[in-house]
Amino acid sequence: MTQPRRFHLQRDTDISGVSGTGRVADGVLWSDGTVAVRWLGDRPSTVAWLSLDDALHVHGHDGATRIVWDDPEPTASEYPLADGCPHCPDGHTPPDHGQPWGAHLGPERDGDGQPTTIHVARTAGAHVAEPDVQWVSDRLNGDRR
31 MTQPRRFHLQ RDTDISGVSG TGRVADGVLW SDGTVAVRWL GDRPSTVAWL SLDDALHVHG
91 HDGATRIVWD DPEPTASEYP LADGCPHCPD GHTPPDHGQP WGAHLGPERD GDGQPTTIHV
151 ARTAGAHVAE PDVQWVSDRL NGDRR
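Numbering (the working numbering), first residue to last: 31 to 175.
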């Protein structure tokens, strides 16, 4: 289990005209992937989300609001990146720690117009490594090591 990780929401454009720009909220990504967001300003509030993707879906405004991590991404030497990684000098973050995973339908369609692809990615732009592919595949196919 990893430690909670702090972040804040930085809004470059106030699309809704409510929150303003700059640092608009403080947040915590908890070790189980849930998120707490504390809104700043004249009417502060605290909201809990099941995932960072859920919070960004509502409040990201298509990139007008971005996550700025106040704590570094955790790493684990027991899960090294096979080919080395300039972003992970102490080892790549394990796929079951740090930022949660998100999924969405891809634009690919079959002859009847039905979707054929699911894209899986770490949230908030965290990078992935070759070992992550096997970890995701194992979970999708029932291997719960």
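Glycine included, C-beta positions come from ideal geometry on N, C-alpha and C.
Shown here, H127 sits in coil according to DSSP, grouped into three states, outside any helix or strand. Residue state for R169 is assigned as helix, using DSSP reduced to three classes.
Counting only the Cα atoms, Q164 lies some 16 Å from P130. Annotation: the continuous beta strand (DSSP E) that includes S75 extends over S75 to W79. From the listed residues H149, D56 and I97, the smallest Cα separation to P137 is found for H149. Around the beta carbon of G71, fewer than 16 other beta carbons sit within 10 angstroms, so the residue counts as exposed. Cα atoms of I97 and A66: separation of roughly 13 Å, rounded to the nearest angstrom. R41 is classed as buried because its beta carbon has at least 16 other beta carbons within 10 Å across all chains shown.
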